[in-house]
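K.L.:
Can you keep this structure in mind? I'll have questions shortly.
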Amino acid sequence: MYSSLFMSSALCWGVPLSAQLVVVMGTQYYDGRGNAHTDYHVTDLLQMTGDASRPLLDNSRKCVILCHAPRDSLEIQITTTQRHLSDHLSELVESTLNDLEASKCITIEDDMDLSPSLGKIASYIYISYTTIEHFGSSLTSKTKMKVLLEILASASEHANLLIRNGEEEVLRRLINHQRLLRAMEMSQMVTLEMWEQDSMLLQLPHFTKELAKRYQERPGKNIQTIFYLVEMRDDERHALLDIAKFYNRFPNIDLSYEVIDSDNVRTGENVTLQITLDNETQVEPVDAPRYPKAKDEGWWLVIGETISNQLVAIKRVSIQRKANVKLELAAPTEAAEKTYTLYSMCDSYLGCD
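The sequence shown runs -19 to -1, 1 to 334 under mature numbering (1 follows the signal peptide of the UniProt record, and there is no 0).
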């Protein structure tokens, strides 16, 4: 049993203790990032004062707040009335909506109607609204790989990552060394720790750049893709056990589709595609030993117009042995002949799109 216990303000939420007497030694903390003293948040202060309570043990309890004299009335109001809660919540709602609107996460019409835009994407993949604002304002259809890496690295989620002594210069040198399709390719490259221009054979265990080059340039029987190995006879690959494990997991997807009610397509209305995906390989986690954790393969179904470089529809799916997926796209608002391309893109493996 403690007679006296001293704790920093950071522990007010993490230590489940209470006392008959709680003394709050000041209502400000030093913010090193802003090089200034900052007031405790209202919820933190209420949590500290709430520790002055031992039900069934004490008939009375006391909380003493030591603060600068001009703040006496404010601290009394915060700890003894509920008015500040209403004011705080009203201000919080208004400021939050304004921040989200400024970040283009939502649009507000007539000060009443809210509709999510980028905010829907941010909530789905669980990233900060400041990050999605940065992505939305920075990404263009012509974004290059180098710039895309810089944009990803500047996400606000990375603000709390500690940089060790000497790393800043290394990272600065690295930064000098995507719209949608680029992001998909980025997922493949991050999973396999490869660049898009690298040989697809480098996905295989024990393959080096020199070995891949030798197989690709071998006269008469060069190997360019994984599928060449998949089609080899068993006696030719008897000794390639690790490679066999890989190509047994390498996706081999048959894709077919049909337009539902294709004879009644009207301008401005939605068109539905029935897409069938057959997976001929066993479904197991991705064989990517350099990726830090286990990962299941996923697929994007994308419809685009190559002439205008425009995305028309997209859907993320997972495939076991077979998947039937419906994908909707909007027909043109005016009668015209349009040519769309349907892509199936893996988020993990290269060369199977």
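All residues carry an ideal CB built from backbone N, CA and C; glycine is no exception.
Have a look at Ser34, Arg35 and Arg297 and flag the residue whose alpha-carbon is nearest the alpha-carbon of methionine 165.
P.N.:
Counting from 1 along the sequence shown, the entry for residue 165 is found at position 184. Considering only alpha carbons, the answer is Arg297.
K.L.:
How about glutamine 184 and phenylalanine 227: do their beta carbons lie closer than 8 Å?
P.N.:
For the purposes of this step, residue 184 is taken as the residue at position 203 of the sequence shown. For the purposes of this step, residue 227 is taken as the residue at position 246 of the sequence shown. The answer is yes: Cβ separation under 8 Å.
K.L.:
Within 10 Å of its beta-carbon, does glutamate 114 have 16 or more other beta-carbons around it, so buried, or fewer, so exposed?
P.N.:
Reading the sequence shown from its first residue, position 133 is the one you call residue 114. The residue in question, glutamate 114, is buried, as its Cβ has 16 or more Cβ neighbours within 10 Å.
K.L.:
Excluding five sequence neighbours on each side, which residues of the same chain lie with their C-beta closer than 8 Å to the C-beta of arginine 271?
P.N.:
Position 290 of the sequence shown, counting from 1, holds the residue named residue 271. Here the set comprises Leu173 and Glu174.
K.L.:
Using 8 Å as the threshold, is the segment 230 to 245 in touch with the segment 133 to 146, meaning 3 or more CB pairs across them?
P.N.:
No contact exists between the segment 230 to 245 and the segment 133 to 146.
K.L.:
On the three-pair Cβ rule with 8 Å, is the segment 289 to 303 touching the segment 242 to 251?
P.N.:
The segment 289 to 303 vs the segment 242 to 251: no contact.
K.L.:
Which class does leucine -15 belong to by DSSP, given the choice of helix, strand or coil?
P.N.:
Within the sequence shown, numbered from 1, the residue matching residue -15 stands at position 5. Correct three-state label for leucine -15: coil.
K.L.:
Here's a check: name, in chain order, each residue in its chain whose Cβ is nearer than 7 Å to the Cβ of serine 34, leaving out the five neighbours to either side.
P.N.:
For the purposes of this step, residue 34 is taken as the residue at position 53 of the sequence shown. Excluding positions up to five away in sequence, the list reads Ser(-2) and Arg42.
K.L.:
Glutamate 138: buried (16+ other C-beta within 10 angstroms of its C-beta) or exposed?
P.N.:
Indexing the sequence shown from 1 puts residue 138 at position 157. With fewer than 16 Cβ atoms within 10 Å of its Cβ, glutamate 138 is classed as exposed.
K.L.:
Report the start-end ranges of each beta strand (DSSP E) in the segment 268 to 329 that is 3 residues or longer and not cut off at the edges.
P.N.:
If we require 3 residues or more, the beta strand (DSSP E) runs fully inside the segment 268 to 329 come out as 280 to 286, 291 to 298, 303 to 311 and 322 to 327.
K.L.:
Can you give the beta carbon distance from methionine 167 to leucine 129, rounded, assuming they're within the 8 Å contact cut?
P.N.:
Residue numbering aside, residue 167 sits at position 186 when the sequence shown is read from its first letter. Residue numbering aside, residue 129 sits at position 148 when the sequence shown is read from its first letter. That belief holds up - the Cβ atoms of methionine 167 and leucine 129 are roughly 7 Å apart, short of 8 Å.
K.L.:
Reducing DSSP to helix, strand and coil, say where methionine 175 ends up.
P.N.:
By 1-based counting over the sequence shown, the position of residue 175 is 194. If DSSP states are grouped into helix, strand and coil, methionine 175 belongs with coil.
K.L.:
On the criterion of 16 or more Cβ atoms from any shown chain inside 10 Å, does threonine 8 qualify as buried, or is it exposed?
P.N.:
Against the sequence shown, residue 8 aligns to sequence position 27. By the 10 Å Cβ count, threonine 8 comes out buried.
K.L.:
Considering alanine 17, what are the terminal residues of the beta strand (DSSP E) in which it resides?
P.N.:
Indexing the sequence shown from 1 puts residue 17 at position 36. That run of the beta strand (DSSP E) goes 17 to 20.
K.L.:
Give me the Cα-Cα distance between leucine 182 and proline 266, rounded to the nearest whole angstrom.
P.N.:
Counting from one through the sequence shown, the residue named residue 182 turns up at place 201. Counting from one through the sequence shown, the residue named residue 266 turns up at place 285. Roughly 19 Å separates the two Cα atoms.
K.L.:
In chain order, what residues of the same chain have a beta carbon less than 8 Å from the beta carbon of alanine 312, not counting five sequence neighbours either side?
P.N.:
Position 331 of the sequence shown, counted from the start, is the residue given in the question as residue 312. So the list reads Val246, Arg247, Thr248, Gly249, Glu250, Asn251 and Val252, once near-sequence residues are dropped.
K.L.:
Taking its Cβ as the centre, do 16 or more other Cβ atoms sit within 10 Å of glycine 147, making it buried, or is it exposed?
P.N.:
Position 166 of the sequence shown, counted from the first residue, corresponds to residue 147. Classification for glycine 147: exposed.
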